[in-house]
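Chains as they are written, first to last, in the working numbering: chain A, 28 to 512; chain B, 30 to 127.
As structure tokens, this is what we get:
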């Protein structure tokens, strides 16, 4: 029986010849077959493709295979990240049959590192949502409580890792879509610095916020995954030329003397008592490890959701104009003339939340409202960014909850978009400021639901965040309740 | 600021979307609530604040570096047309414009 929980161990085993990539792939496919009928983490699993990729790893000369940091490691890829020849739907009917003619850079780099894409993970349509309920394909279930959501929008990626189908996953973040599902599912999730990981081949939602994020079950694996995908890419003009760090090398576990800020605005009204208590225990534990905790203030936090829900929909309304039934994607049948074809293709192809955000964004950018909404939102974004700059002049990093509540019930917020938006309150700030942030599991509520601790840092300090997570999880290992599947 | 059904229809036209009557009704109410919420930004005095319009570049990082003006390879025509709902003879075909 192949253990699918550690990418480092799988890679080591495949490189040394203790196990073949084919055996690992079979084990992942078997786990998916057993669990995914209920959990619905994946939209597409192409068994033949998976086995043939694994076989290619096994056919390499041992010396070549030994150079692959992710040799034979199965990885789930969110279905808004392009995979050449493998259907990429964005969880949307409008791309329901879309087969990309190219790979996202992050996917190409994973495969170059020896990883095997095991399937395309379910997500909210165009990554718009916080529960994965907005997928046109299926509702993904939380493996700790099948009546609850896994979070979103990268819910399928989180469940694939949490349920032991594969040790690593790529997701994407625009306002918390990796960190929040990671916290709901008891795994680690990282949103890197804006520009750290190429977005070539990530289907655009809000281009000034979008990032490809990483998910794993340990800081060590998260570092391996980030290392494989980080670094400059000429195909993405927003990709940074700042050299990637040595993320695995940064995991010394030494955190003594670090000064970590506790932003008071992240512990106010609306924070679930179970979440608060788990996060506060984690803070005390980090203090025991020698971190110095200091209260800080990020005074514009209360405006972040309003700011985000102007900027992200405004950019989305522009980005999603490309789905017009002309070059790719769904085209409505039988339209009489061009304008009718556009409107009918979009009416039939997009789901309600995507339409809502296109409408909001179009409204915010329309003549007469532009300055009042979008213009003002860009200035408030500057203030939110300056809040972090001031904080990082005083402290090395920040500690906070990821989400104000643990995983909520399926359907609980489905008819109340604003309530759903407000669940992103502690995560959208990092996207607006462009800084890195991660979620590391820090306990469980009395009801047995996972809770995540958020660690935020200055631009390009993923090494610091990963090391804090590593020190924490190594010293205070958790005992999760059993999964339901 | 109140949003009317007519306003919603006008925005839908700009966005090339369409809603049935019952959808438009539910949507107008939700839209109204969301707009009321985001109007809380009006509480902030933003005079003299520079906008952050593009992605925030990290401290010390130049905005968007320019690349050399040289032609690179792009998708072959057949690949670019492979997903077109109606592609023919190297073109995307659409219904009549008028």
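Ideal placement from N, C-alpha and C gives every residue a C-beta, glycine not left out.
What residues of chain A sit near residue 108 (chain B), judged by a beta carbon separation below 7 Å?
Residue numbering aside, residue 108 (chain B) sits at position 79 when the second chain is read from its first letter. Here the neighbours are 128.
Sorted by chain position, which residues of the same chain lie with C-beta nearer than 7 Å to residue 107 (chain B)'s C-beta, five sequence neighbours on each side aside?
Translated into positions along the second chain, residue 107 (chain B) becomes position 78. Nothing listed; no residue qualifies.
Residues of chain B with a CB under 7 Å from the CB of residue 374 (chain A): which are they?
Counting from one through the first chain, the residue named residue 374 (chain A) turns up at place 347. Those are 46 and 47, listed as they occur along chain B.
Quick check on residue 501 (chain A) - is its C-beta less than 9 Å from some C-beta in chain B?
One-based indexing of the first chain puts residue 501 (chain A) at position 474. Answer no: the Cβ-Cβ gap between residue 501 (chain A) and chain B never drops below 9 Å.
Excluding the 5 residues preceding and the 5 following residue 30 (chain A) in the sequence, name in chain order all residues of the same chain whose CB lies nearer than 7 Å to its CB.
Here the question's residue 30 (chain A) lines up with position 3 in the first chain. Cβ neighbours of residue 30 (chain A) beyond the five flanking positions: 36.
Using a Cβ-Cβ cut-off of 6 Å (strictly less than) and excluding sequence neighbours within five positions of residue 389 (chain A), which residues of its own chain qualify?
The count along the first chain starts at 1 and reaches residue 389 (chain A) at position 362. Answer for residue 389 (chain A): 344, listed in chain order.
When the Cα atoms are used, what is the spatial distance from residue 48 (chain B) to residue 28 (chain A)?
Taking the first residue of the second chain as 1, we reach residue 48 (chain B) at position 19. Taking the first residue of the first chain as 1, we reach residue 28 (chain A) at position 1. Their Cα atoms are separated by approximately 53 Å.
Here's the rule: buried if 16 or more other CB atoms are within 10 angstroms of the residue's CB, otherwise exposed. What is residue 364 (chain A)?
Position 337 of the first chain, counted from the start, is the residue given in the question as residue 364 (chain A). Burial call: exposed.
Does the count of Cβ pairs from the stretch 139-159 of chain A and the stretch 257-269 of chain A closer than 8 Å reach three?
No: the two stretches stay apart, fewer than three of their Cβ pairs being nearer than 8 Å.
Can you list the alpha helix (DSSP H) stretches of 4 or more residues lying completely in the stretch 255-335 of chain A, in chain order?
List check, alpha helix (DSSP H) in window: 300-315.
Given that a residue counts as buried once 16 or more other Cβ atoms are within 10 Å of its Cβ, and exposed if not, what is residue 250 (chain A)?
Along the first chain, one-based indexing puts residue 250 (chain A) at 223. Result: buried.
When the distance is taken between beta carbons, is residue 508 (chain A) closer than 9 Å to residue 486 (chain A)?
Looking up residue 486 (chain A) in the first chain gives position 459. Looking up residue 508 (chain A) in the first chain gives position 481. No, these two residues do not count as a Cβ contact at 9 Å.
At a threshold of 8 Å, does residue 236 (chain A) count as lining the ligand FAD (C-beta to nearest heavy atom)?
The ligand FAD is absent from the structure shown, which contains no ligand whatsoever.
Can you have a look at residue 273 (chain A) and say buried or exposed, based on whether 16 or more other CB atoms are within 10 angstroms of its CB?
Working through the first chain from its first residue, we reach residue 273 (chain A) at position 246. The residue in question, residue 273 (chain A), is exposed, as its Cβ has fewer than 16 Cβ neighbours within 10 Å.
Please tell me whether residue 44 (chain A) has its Cβ less than 9 Å away from any Cβ of chain B.
Looking up residue 44 (chain A) in the first chain gives position 17. No - not a single Cβ of chain B is within 9 Å of the one on residue 44 (chain A).
Rounded to a whole number of angstroms, what is the C-alpha to C-alpha distance between residue 33 (chain A) and residue 248 (chain A)?
The residue you call residue 33 (chain A) lines up with position 6 of the first chain. The residue you call residue 248 (chain A) lines up with position 221 of the first chain. Approximately 7 Å, taken between the alpha carbons.
Which of helix, strand or coil does DSSP assign to residue 455 (chain A)?
Against the first chain, residue 455 (chain A) aligns to sequence position 428. The answer is helix: DSSP assigns residue 455 (chain A) an H, G or I state.
What do you get for residue 127 (chain B), buried or exposed, if any count of 16 or more other CB atoms within 10 angstroms of its CB means buried?
One-based indexing of the second chain puts residue 127 (chain B) at position 98. Flag for residue 127 (chain B) reads exposed.
From A:396, A:290 and A:492, pick the residue whose C-alpha is nearest to that of residue 428 (chain A); which is it?
Here the question's residue 428 (chain A) lines up with position 401 in the first chain. Closest by alpha carbon: A:290.
Kindly list, in the order they appear in chain A, the residues whose Cβ is closer than 9 Å to that of residue 112 (chain B).
Along the second chain, read from residue 1 onward, the residue named residue 112 (chain B) stands at position 83. The answer, in chain order, is 124, 125, 126, 127, 128, 354, 355 and 356.
Contact between the stretch 315-326 of chain A and the stretch 433-445 of chain A: three or more CB pairs below 8 Å?
Touching, no.
Tell me whether the stretch 74-92 of chain A and the stretch 187-197 of chain A touch, counting them as touching only if at least three CB pairs, one residue from each stretch, are closer than 8 Å.
Because the criterion of three Cβ pairs below 8 Å is not met, the stretch 74-92 of chain A and the stretch 187-197 of chain A do not touch.
Return the first residue and the last residue of the alpha helix (DSSP H) that residue 196 (chain A) is part of.
Here residue 196 (chain A) refers to the residue found at position 169 of the first chain. First-last for residue 196 (chain A): 195-200, but that is the beta strand (DSSP E), not the alpha helix (DSSP H).
Which of helix, strand or coil does DSSP assign to residue 405 (chain A)?
Taking the first residue of the first chain as 1, we reach residue 405 (chain A) at position 378. Three-state result, residue 405 (chain A): helix.
Since residue 219 (chain A) and residue 238 (chain A) are thought to touch, with beta carbons under 8 Å apart, how far apart are those beta carbons, to the nearest angstrom?
Start at 1 with the first residue of the first chain, and residue 219 (chain A) comes out as number 192. Start at 1 with the first residue of the first chain, and residue 238 (chain A) comes out as number 211. Their Cβ separation, rounded to whole angstroms, is 6 Å, which keeps residue 219 (chain A) and residue 238 (chain A) in contact under 8 Å.
Residue 208 (chain A) lies in the alpha helix (DSSP H); which residues open and close that run?
The residue given as residue 208 (chain A) occupies position 181 in the first chain. Here the alpha helix (DSSP H) through residue 208 (chain A) covers 206-212.
Applying the criterion that 16 or more other CB atoms from any shown protein chain within 10 Å of the CB defines a buried residue, is residue 497 (chain A) buried or exposed?
If you number the first chain from 1, residue 497 (chain A) lands on position 470. Residue 497 (chain A) comes out buried.
Starting from the C-beta of residue 323 (chain A), find all residues in its chain whose C-beta is less than 8 Å away, skip the five residues before and the five after it, and write them out in chain order.
On the first chain, position 296 is the one that residue 323 (chain A) refers to. Cβ within range, chain order: 288, 289, 290, 291, 418, 421, 422 and 425.
Let me know if residue 230 (chain A) comes out buried or exposed under the rule of 16 or more other beta-carbons within 10 Å of its beta-carbon.
Working through the first chain from its first residue, we reach residue 230 (chain A) at position 203. With 16 or more Cβ atoms within 10 Å of its Cβ, residue 230 (chain A) is classed as buried.
Our contact map puts residue 207 (chain A) next to residue 162 (chain A) with C-beta atoms below 8 Å; I'd like the distance itself, whole angstroms only.
As a working note, residue 207 (chain A) is residue 180 in the first chain. As a working note, residue 162 (chain A) is residue 135 in the first chain. At roughly 16 Å, the Cβ-Cβ gap does not stay under 8 Å, so residue 207 (chain A) and residue 162 (chain A) are not in contact.
Using only alpha-carbon positions, find the residue among A:499, A:44, A:209 and A:302 that is nearest to residue 516 (chain A).
Examination of residue 516 (chain A) is not possible in this model, given that chain A is present from 28 through 512 alone.
Chain B beta carbons: is any one of them nearer than 9 Å to that of residue 98 (chain A)?
Against the first chain, residue 98 (chain A) aligns to sequence position 71. No, residue 98 (chain A) does not count as interfacial toward chain B.
Where does residue 72 (chain A) fall in DSSP's three states?
Stepping through the first chain from its first residue, residue 72 (chain A) is reached at position 45. Coil, per DSSP.
For residue 119 (chain A) and residue 300 (chain A), I'd like the C-alpha separation in whole angstroms.
Your numbering for residue 119 (chain A) matches position 92 in the first chain. Your numbering for residue 300 (chain A) matches position 273 in the first chain. The straight-line gap from Cα to Cα measures roughly 36 Å.
Less than 8 Å between the CB atoms is what I'm expecting for residue 338 (chain A) and residue 399 (chain A), so what's the real figure, rounded?
Translated into the one-based positions of the first chain, residue 338 (chain A) becomes position 311. Translated into the one-based positions of the first chain, residue 399 (chain A) becomes position 372. With 8 Å as the limit, residue 338 (chain A) and residue 399 (chain A) do not qualify as a contact, their Cβ atoms being about 14 Å apart.
What three-state label does DSSP hand residue 65 (chain A) in the structure shown?
Start at 1 with the first residue of the first chain, and residue 65 (chain A) comes out as number 38. Three-state result, residue 65 (chain A): helix.
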